[in-house]
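The structure appears below as C-alpha cells.
Protein chains: 2
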Amino acid sequence: MDISDKVINRLTLYHCIFTDYLDKDIEFISSPQIANLLKIDDSQVRKDLKYLNNAGKCRVGYKVNDLKESIEKTLGFQNTKDTFIVGAGNLGLALTKYDDFASYGLNILALFDNDSLKVGMSINDKTVFHISKLPDLAKRLNVEMAILTVPRKYAQEVTDFLVNSGIKHIWNFAPSILKVPENVKVWNENLMGNCLQFTARNKKEDNK
Amino acid sequence: MDISDKVINRLTLYHCIFTDYLDKDIEFISSPQIANLLKIDDSQVRKDLKYLNNAGKCRVGYKVNDLKESIEKTLGFQNTKDTFIVGAGNLGLALTKYDDFASYGLNILALFDNDSLKVGMSINDKTVFHISKLPDLAKRLNVEMAILTVPRKYAQEVTDFLVNSGIKHIWNFAPSILKVPENVKVWNENLMGNCLQFTARNKKEDNK
Chain A
1 MDISDKVINR
11 LTLYHCIFTD
21 YLDKDIEFIS
31 SPQIANLLKI
41 DDSQVRKDLK
51 YLNNAGKCRV
61 GYKVNDLKES
71 IEKTLGFQNT
81 KDTFIVGAGN
91 LGLALTKYDD
101 FASYGLNILA
111 LFDNDSLKVG
121 MSINDKTVFH
131 ISKLPDLAKR
141 LNVEMAILTV
151 PRKYAQEVTD
161 FLVNSGIKHI
171 WNFAPSILKV
181 PENVKVWNEN
191 LMGNCLQFTA
201 RNKKEDNK
Chain B
1001 MDISDKVINR
1011 LTLYHCIFTD
1021 YLDKDIEFIS
1031 SPQIANLLKI
1041 DDSQVRKDLK
1051 YLNNAGKCRV
1061 GYKVNDLKES
1071 IEKTLGFQNT
1081 KDTFIVGAGN
1091 LGLALTKYDD
1101 FASYGLNILA
1111 LFDNDSLKVG
1121 MSINDKTVFH
1131 ISKLPDLAKR
1141 LNVEMAILTV
1151 PRKYAQEVTD
1161 FLVNSGIKHI
1171 WNFAPSILKV
1181 PENVKVWNEN
1191 LMGNCLQFTA
1201 RNKKEDNK
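Heads up: the sequence lines are chains A and B, in that order. FYI, the working numbering numbers position 175 of the first sequence as 175, with every residue one higher than the one before it. For the working numbering, count along the second sequence from 1 and bump the result up by 1000.
So this is what it looks like as C-alpha cells:
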C-alpha cells in the first residue's frame, strides 16, 4: 500500500498518543479524542485510521493497543535498518540517546567523528569511532545509511567521503543541500524550514 | 500572501542553496540547477520562484543574491521573535548552537533546566537558568514562545508549567502529544515520523 508522507506523519503522531495512553493504562480511544489532541478534524482521523483496516474498532471506540500494533505493522516498524551517525556533537549525541528510533525501525550501530577527544567515548552503549574507520566498518557491517550531524561547512566534504564509502541513504541535519550521485538518496531534515513555519504560524495568529 | 507549508519548506531549501552559492562567490543560478540539486522537477522550482515576483531574473539565470534577499523578505526573516529553550540536554544545546535560527527570525534568549549542575552554564552566549525562574523572566522579557527539548516522560508536566507561565507557542521536540488549552499552539517536530519516512523511502528503493 502506498501511504503519503502526510498520512505517515499523522499515523506517527497517533502512535505517540497511543504510547502515552498505554503508559496511563487507558484501554480505549475515540477518533474525536485523537482529533482534539492534535487539533485536527475528526473526519481526517477516521480517514487515516482506515489505512489500518479498522483495527480494534468496537462500540466504545478503538482498542488502543490494537491500533498501536496495527500502525507498527502497517508502517513496518519491525523491519529494522542499521545506520551510522556521522558527527558526534550535541545533535549526534541527542539522536543517539533518542531510544525511540530503535522501536521505529532505525538501529544506530555507531558514531563517527574526526575529533580524537571524542573517539572511544560510549553513549547509550554506542561507541564513537574515528571517521577514518567508517569505510571499512560500513563494508563489513553492510551499512548503507547514515545520519549526518556535522556543521554546515563540512557537510559536502563529509558527504563525498560517505558516498565513496558506499553509503546510499543520508538523513541530513546540516542546513546545506548536498550534491550526491543519482544512486544516493538524501532526506533533508530542514530544521530551518520548520523554524520558519513555527514563527510564521505565530505571526499569522498575531494578525488575527 | 498565503504560502503553503510545502512551498515555505522548499523556499527554505532554496535559501540553503543560495547561501552555499554565495559562499563560493557564484553570482547566477538557473532553475534546472536548483531542481537538480534537490532532485525535484524544474517546473516546480519555477512555480515556487513566482512567489518572489521573478526577483533577479535575467538572461543568464537568476541573480543568487536577489533571490536570497527576496526569500528573506517574503518569508519575513527579519521579523525576529524571542524564544526560550526548555531542557538543556544535548538536543537543547544543539539547537542553541544552531546559529542559523537567528537569521531565520528566531532569537533564543535563554535556556532552562531543573538540573542544578547545568544552571549558570553559558552556551553560545546564552545562559542556562533554573526552570523556576521561567515565569518571571517570560513576563519581564515578554516571551510567549518556547522550544521544548525535555524527555518524553516530563513533556506534559513541563508543558503545563509553561502554559501557566504565559507561553502561547510551543515547538515540541519531545515524542509526545501535548495537551494544551485552545489559546496555546503546539508545533510538533515529529522526528519519529521523519525517521519512518527516511527508512520507508529506503525500503521503497530496495523493492525497485
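Just so it is clear, CB atoms sit at the ideal spot from N, CA and C, and this is done for glycine as well. Since the model is a prediction, treat every value here as computed from it, not as a measurement.
Item	Value
Where residue 57(A) sits in the DSSP three-state scheme	strand
Exposed unless 16 or more other CB atoms sit within 10 angstroms - verdict on residue 1207(B)	Low local confidence applies: a pLDDT of 45 at residue 1207(B) is under 50, so the model's placement there is unreliable, and no value is given.
Nearest-angstrom Cβ-Cβ length linking residue 1212(B) and residue 1064(B), presumed shorter than 8 Å	Limits of chain B in this structure are 1001 at one end and 1208 at the other, which puts residue 1212(B) out of reach.
Beta-carbon contacts of residue 96(A) that lie in its chain and below 7 Å, excluding the five residues immediately before and after	85, 108, 111, 123, 124 and 126
Alpha-carbon to alpha-carbon, residue 139(A) and residue 1075(B)	44 Å
3 or more residues per run - each beta strand (DSSP E) lying fully within the region 1089–1169 of chain B	1106–1113, 1126–1130 and 1145–1148
Distance between residue 59(A) and residue 188(A) (C-alpha atoms, nearest Å)	42 Å
Within-7 Å CB hit, residue 1090(B) to chain A	yes
Proximity winner among 79(A), 71(A), 114(A) and 196(A), relative to residue 1104(B) (alpha-carbon distances)	196(A)
Per-residue burial, residue 1132(B) [other beta carbons within 10 Å of its own, 16 or more giving buried]	exposed
Where the alpha helix (DSSP H) containing residue 1045(B) begins and where it ends	1042–1049
Rounded separation between residue 121(A) and residue 128(A) - CA only	5 Å
Residues bridged to residue 186(A) (per DSSP)	170(A)
Chain-order list of residues whose beta-carbon lies under 8 Å from that of residue 91(A) (same chain, five-residue window excluded)	149 and 173
Within-7 Å CB hit, residue 1175(B) to chain A	yes
Euclidean distance between Cα positions of residue 22(A) and residue 8(A)	21 Å
For residue 36(A), the nearest candidate out of 1186(B), 1192(B), 1191(B) and 1198(B) (CA to CA)	1186(B)
Burial state of residue 1011(B), where buried means 16 or more other Cβ atoms lie within 10 Å	buried
Residue 1160(B), buried or exposed, once every other Cβ within 10 Å from all chains shown has been counted against 16	exposed
Local conformation of residue 1068(B) per DSSP, three classes	helix
Three-state secondary structure (DSSP) of residue 1006(B)	helix
Closest Cα partner of residue 81(A) within the set 142(A), 39(A) and 192(A)	142(A)
Local conformation of residue 81(A) per DSSP, three classes	strand
Close beta carbons around residue 1038(B), own chain, < 7 Å, minus the five adjacent residues each side	1013
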